[in-house]
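To keep things clear, I will list the structure first and then write my remarks on it.
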Amino acid sequence: MIILSLDTSCDETAVAITCNTKVLSNAVWSQISLHSKFGGVMPSLAQRAHEERIDFITNKAIKKSGINIKDVDAIAVTIGPGLAIALGVGINKAKKLAKQYNKPLIPINHVEAHLLSSFATSSPNTILKISFPALGLVISGGTTELILINDIGKYEVLAETVDDALGEALDKAARLLGFGYPGGAILEKIAKNGKVTKYSLPLPLVNDKEKNRFSYSGLKTAFVRLYEKEKKLNKQDISDLASTFQDTAFEHIINVLKYQIIKIQNQKIDIKDLLLGGGVANNVVIKNKLRKLCREKNLKLHIPYTKKLNEDNAAMIGVCAYLKTKDESLIKYLKFERVDRNPKLNLRDKSS
Amino acid sequence: MNDKIPIVMKIIKENKKATNIVVKSLSEGKLVFMASETVYIAAVDATNLEAVKKLVLFKNRPFGKPFSIGVIDISMAKNYVEINNTANKIYKRFLPGPVTVISKGKHKVASGVEAENGTLGIRIPDYKFFQEVIKKFKKPITTTSANASYQKRPYKLTDILDNISEKQKGLIDLMIDAGELPHNEPSTVIDTTIDDTPIVLRQGDIKLKDKNEILSRSEENTQNLAKELWQKYEDFKGKRALIFALEGKMGVGKTQFVKGLARAMGIDEIITSPSYDLEYVYESKIKKNKLVHMDTWRMINPTEEIINLDTKKLINDKSIIAIEWADRIVDTIRTFAEDAIVVWVKINYGNNTNDRIISWGVI
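From first to last, the protein sequence lines are chains A and B. In terms of full-length UniProt numbering, the first sequence is numbered consecutively and its last residue is 352. In terms of full-length UniProt numbering, the second sequence is numbered consecutively and its last residue is 363.
Encoded structure:
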């Protein structure tokens with residue numbers, strides 16, 4: 001099944017062609033590189049930028065895949081969650097293409113696509129072997145969610161953030177230390193040379209009995225207070241602070257995950273796999289922590305085959321659309337007039 | 001008491017047909033009682049001297065104490081008063097609504113309506129029946145409360161009738177019965193004749209230029225303050241856009257404030273930081289309250305970007321908006337203040353770990 005997919009949920013304009021789970025092309029126009037000379041992106045101008053780039057990126061994705069658009073079986077597009085004005089651009093383009101070539105249009109949840117991004121492959125014959133139920137963890141700038149995947153399309157949200165997302169917290173910590181946006185990646189670099197022993201920060205929600213939520217606002221506040229208390233900070237201190245913040249933020253994830261895994265296992269539910277997705281999944285420290293946890297708990301950790309799949313991209317949208325629809329007829333997706341953006345789309349929603 | 005004045009008063013129910021009867025009575029110089037969004041008012045044609053004299057007699061007060069007049073909109077008001085910059089802002093912000101704005105009169109109303117110093121109070125009541133009457137009558141009417149001076153506030157017709165003499169009753173030609181009105185405060189009177197410094201003469205439901213400060217000792221405290229502020233400004237819902245502009249350092253609890261605000265509005269979804277997606281929209285199930293939660297933290301050019309999020313339309317639609325990191329767009333928010341109620345909330349770290357000093361006020 002060949003799918004042309006689009007994602008304009010936030011800063012990136014992304015179009016991809018996939019064949020089942022294989023990625024044929026995955027074109028992304030990153031606003032970050034575009035605007036980096038200003039020190040970052042102009043997020044709310046993303047709409048205009050998306051409109052300017054979408055045709056170019058679409059053509060690029062098609063050309064690189066070597067596929068004729070007439071041979072595409074379906075179009076897939078992100079309808080949420082994300083920035084409303086940005087989502088609209090991708091949806092409009094998708095509808096235009098679907099109409100022009102008389103193709104079905106499959107609406108996709110961006111978070112679900114991150115969740116399932118480990119299924120994406122670079123070669124046609126590899127198939128990810130996952131036994132359901134499995135665990136899924138999506139960590140990015142806008143999402144921090146732990147999910148029990150009972151099957152494709154059947155999800156239980158075990159924990160999600162009640163304030164800041166993990167990626168956002170990392171970005172904010174980096175900003176406080178004087179680095180630009182997006183700071184998460186810079187923070188990781190700085191933290192490499194740091195020790196976690198010099199400073200201490202409180203582990204979020206350590207007294208939560210149920211551990212069914214994440215929270216980063218308290219940690220952020222504690223970090224601001226700690227930073228402001230320290231008068232003269234040298235380069236090493238900054239590295240130590242970065243490293244301590246990052247470590248504490250990740251330990252919170254591990255802590256909640258541990259609790260939830262034990263809880264699931266106590267219910268005699270057999271889980272063997274943990275799927276990881278989202279931009280923060282590119283961070284080596286969290287990957288190592290998760291690997292260690294998975295070894296202890298006898299789980300297999302699945303990470304997308306390339307870093308690009310963790311960032312915002314459209315190939316994951318195509319793969320997700322394939323996984324969700326492979327066993328059904330696509331006829332119902334030919335009626336796509338009512339496909340609309342849903343900026344707060346949630347995995348609990350039926351429309352997901 | 002021997003020379004009894006025959007009582008000719010008619011009482012009819014408030015409905016569409018009644019507007020024509022009211023308009024006819026007013027043009028005949030009669031004294032009509034009808035409802036407004038605050039209290040029952042005593043209406044006469046404000047340009048008819050005989051009618052005004054009748055009103056003075058009823059109110060039992062010396063000739064020369066002014067009456068405010070009701071009009072349909074600002075352009076009609078301009079026929080009777082000179083509207084300066086300050087007045088213009090107040091019209092935009094509060095009218096139609098329970099506010100009387102005093103400006104310099106143009107002497108186009110009957111003698112005895114304007115004050116001795118030539119000023120005149122204008123009302124644009126936010127009350128449909130009243131607006132229909134003015135629309136048809138095309139002239140201003142007095143909006144003084146329907147009680148005699150120093151008597152009980154008239155929220156129902158019996159409040160008036162039980163407290164006036166037979167002689168006064170004889171002056172009334174028509175009463176429009178709208179039942180018992182909600183017990184709202186009388187209108188707030190604002191004098192704008194000294195430009196740029198509106199002076200509040202009588203404090204109704206709306207306060208201007210208030211400045212407040214509290215010490216919050218917990219997230220719960222902060223959320224409760226948000227709830228109190230919501231209750232204070234809730235009446236503007238559907239009338240004006242309402243903006244909570246939040247200022248404060250990272251981690252100080254801006255999102256906590258919005259959590260409290262959302263809860264007070266009946267929103268039961270979890271409020272998370274909009275830093276990444278820039279904007280979240282929440283809706284409550286019961287009261288259909290809608291909250292737009294914005295954040296400029298991630299913006300590079302926030303002045304341009306906030307407009308790009310269609311904020312102007314949100315304000316036109318009278319939305320309720322909370323903006324985090326509002327201090328990055330102070331000038332833009334000042335321009336919003338022309339059409340919206342802007343409550344500025346500043347949160348500072350206090351001495352103890354959980355202490356926050358929160359100050360707020362309308363800009």
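In this text, a Cβ means the ideal position worked out from N, Cα and C, and glycines have one as well.
Per DSSP, Arg123(B) is paired with what?
Looking at the DSSP assignment, Arg123(B) forms a beta bridge with Gly70(B), Thr100(B).
Roughly how many whole angstroms lie between the Cα atoms of Lys344(A) and Asp7(A)?
Near 15 Å, if we compare the C-alpha coordinates of Asp7(A) and Lys344(A).
Less than 7 Å between C-beta atoms, sequence neighbours within five positions excluded: which residues of the same chain meet that for Gly278(A)?
Within the same chain, Gly278(A) has close Cβ partners His114, Val138, Ile139, Ser140, Thr143, Asn310.
Which term fits Asp331(B), buried or exposed, when burial requires 16 or more other beta carbons within 10 angstroms of its beta carbon?
With fewer than 16 other Cβ atoms within 10 Å, it is exposed.
Counting only the same chain and skipping the five closest in sequence on each side, list residues whose C-beta sits under 6 Å from that of Thr38(B).
Hits under 6 Å: Pro98, Asn184, Pro186, Ser187.
To test your reading of the DSSP string, which unbroken beta strand (DSSP E) runs of 3 or more residues are found completely within the region 149 to 203 of chain A?
Entirely contained in the region 149 to 203 of chain A, the beta strand (DSSP E) runs reaching 3 residues are, in chain order, 154 to 161.
May I ask you to check if the CB of Val345(B) is nearer than 7 Å to at least one heavy atom of the ligand PLP?
The ligand PLP is not among the ligands present in this structure, which contains no ligands whatsoever.
So, with DSSP's three-state summary, where would you put Lys37(A)?
Below a pLDDT of 50, predicted positions are generally treated as unreliable, and Lys37(A), at 40, falls in that range; the measurement from the model is reported next regardless. Helix, per DSSP.
Within 10 angstroms of the Cβ of Ser200(A), are there 16 or more other Cβ atoms? Answer buried if so, exposed if not.
Exposed, by the Cβ-count rule.
Please state the DSSP three-state secondary structure of Phe58(B).
Correct three-state label for Phe58(B): helix.
For the structure I just gave you, are there three or more beta carbon pairs, one from the region 143 to 154 of chain A and one from the region 287 to 304 of chain A, closer than 8 Å?
Because the criterion of three Cβ pairs below 8 Å is not met, the region 143 to 154 of chain A and the region 287 to 304 of chain A do not touch.
Figure out for me which residue from Gly238(B), Arg263(B), Asp162(B), Gln231(B) has the closest Cα to the Cα of Glu220(B).
The shortest Cα separation from Glu220(B) among Gly238(B), Arg263(B), Asp162(B), Gln231(B) belongs to Arg263(B).
What would DSSP say about Val32(B), mapped onto helix, strand or coil?
Correct three-state label for Val32(B): strand.
Which value, in whole angstroms, describes the spacing of the CA atoms of Lys313(B) and Ile261(A)?
Approximately 47 Å, taken between the alpha carbons.
Please state the DSSP three-state secondary structure of Cys294(A).
It is helical.
Quick one: is Val162(A) near chain B, going by C-beta distance under 8 Å?
Chain B contact via Cβ: present.
For Ile270(B), is the classification buried or exposed, using 16 other Cβ atoms within 10 angstroms of its Cβ as the cut-off for buried?
By the 10 Å Cβ count, Ile270(B) comes out exposed.
Within its chain, find whatever has a CB closer than 7 Å to the CB of Trp230(B); leave out the 5 residues flanking it on each side and keep chain order.
The answer, listed in chain order, is Leu261, Ala264, Met265.
Going residue by residue through the region 270 to 334 of chain B, where are the continuous alpha helix (DSSP H) segments of at least 4 residues, counting only ones entirely within it?
Correct list: 302 to 308, 311 to 316.
Counting Cβ pairs, one atom from each stretch, are 3 or more of them under 8 Å apart for the region 77 to 88 of chain A and the region 334 to 349 of chain A?
Short answer: they touch.
Three-state secondary structure (DSSP) at Met175(B)?
Reduced to three states, the DSSP call for Met175(B) is strand.
Residues of chain A with CB closer than 8 Å to the CB of Met76(B), please, in chain order.
Under the 8 Å cutoff, chain A gives no residues; its nearest Cβ is about 38 Å from Met76(B).
Examine chain B for any beta-carbon lying closer than 8 Å to the beta-carbon of His35(A), and answer yes or no.
Below a pLDDT of 50, predicted positions are generally treated as unreliable, and His35(A), at 43, falls in that range; the measurement from the model is reported next regardless. By this cut-off, His35(A) is an interface position.
Would you mind reading off the limits of the alpha helix (DSSP H) that contains Lys99(A)?
Looking at the DSSP string, the run of the alpha helix (DSSP H) that includes Lys99(A) is 84 to 101.
Can you list the residues of chain B that Ala165(A) reaches, using a CB-CB cut of under 8 Å?
Those are Thr272, Ser273, Tyr276, listed as they occur along chain B.
Any C-beta of chain B within less than 9 Å: which residues of the region 331 to 351 of chain A qualify?
From the region 331 to 351 of chain A, only Pro343, Lys344 have a Cβ closer than 9 Å to chain B.
Based on Cα-Cα distance, which residue from Glu145(A), Lys96(A), Leu166(A) lies nearest to Asn283(A)?
Ranking Glu145(A), Lys96(A), Leu166(A) by Cα distance to Asn283(A) puts Leu166(A) first.
Around the Cβ of Gly39(A), are there at least 16 other Cβ atoms within 10 angstroms (buried) or fewer (exposed)?
Reliability of the predicted coordinates at Gly39(A) is poor, the pLDDT of 39 falling under 50, and the value obtained from them is presented with this limitation in mind. Label assigned to Gly39(A): exposed.
Please confirm if Thr221(A) has its CB atom under 8 Å from at least one CB of chain B.
Yes - at least one Cβ of chain B is within 8 Å of the one on Thr221(A).
Shorter than 8 Å from the beta carbon of Leu170(A) to some beta carbon of chain B?
No, no contact with chain B.
How would you write the range of the beta strand (DSSP E) that Cys19(A) sits in, first residue to last?
Note, Cys19(A): beta strand (DSSP E), 13 to 19.
Can you look up Asn109(A) in the DSSP assignment and give me helix, strand or coil?
In this structure, Asn109(A) counts as strand in the three-state DSSP scheme.
Which residues, in order along the region 272 to 289 of chain A, keep a beta-carbon less than 7 Å from a beta-carbon of chain B?
Within the region 272 to 289 of chain A, no residue qualifies.
Measure the Cβ-Cβ separation of Ala86(A) and Tyr333(A) and say whether it is below 8 Å.
No.
With 8 Å set as the bound, which would you pick, yes or no: does the beta-carbon of Val281(B) sit closer than that to a beta-carbon of chain A?
Yes, because at least one Cβ of chain A sits closer than 8 Å to the Cβ of Val281(B).
Does the beta carbon of Thr353(B) come closer than 8 Å to any beta carbon on chain A?
True, the Cβ-Cβ gap to chain A drops below 8 Å.
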